[in-house]
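Colleague: In the numbering used here, the protein residues as written are 552 to 691.
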């Protein structure tokens, strides 16, 4: 839930009286902090990092990459969260790491452009493998 909607300091008394007590709602900021920490833990020290949809075909990609490279850190994500995940990985990935993006199709490149370009600058290589239908503009 959006933190602003449940901020006690900003709510008037009438609104507070109809909301459940503290701890009932789970603010979005906690999810973001947890995601930051999980990505940091996954990518720290990793030579190979895989961003993948954690479904069967995404996890199969991770298994194949682990077979090829030994260890590979999994950063699970979805198309909806891809922009934020790319941003987190770009912030924390080791310089010179190999990065793979598997089983993920962005709606449009412009939604991930800045984050993806930062990741490309930091990693030694970034390779993207996907079987979904991409719009021609996204591919270019």
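Idealized CB from N, CA, C, for every residue including glycine.
None of these values were measured; they are calculated from a predicted model.
#1: Determine the closest residue to residue 677 out of 590, 583 and 646, with distance taken between C-alpha atoms.
#2: Taking 8 angstroms as the limit between beta carbons, can you name the residues of its chain near residue 682, skipping five residues before and five after?
#3: Would you kindly work out how many angstroms separate the C-alpha atoms of residue 611 and residue 578, rounded to a whole number?
#4: Sorted by chain position, which residues of the same chain lie with C-beta nearer than 7 angstroms to residue 629's C-beta, five sequence neighbours on each side aside?
#5: Do the region 582-600 and the region 618-625 meet, that is, are 3 or more Cβ pairs less than 8 angstroms apart?
#6: Where do the N-terminal and C-terminal ends of the beta strand (DSSP E) with residue 711 fall, by residue?
#7: Just grab the DSSP bridge partners of residue 601 for me.
#8: Give every residue of the same chain whose Cβ lies closer than 7 angstroms to the Cβ of residue 673, excluding the five residues on either side of it in the sequence, and list them in chain order.
#9: DSSP state of residue 656, grouped into three classes?
#10: What residue from 662, 617, 585 and 659 has the CA that sits closest to residue 650's CA?
Modeller: Quick look at the numbers:
#1: 646
#2: 608 and 654
#3: 33 angstroms
#4: 604
#5: yes
#6: One cannot answer for residue 711 here, as it falls past the ends of the chain, which runs 552 to 691.
#7: 625 and 651
#8: 641, 644 and 646
#9: coil
#10: 617
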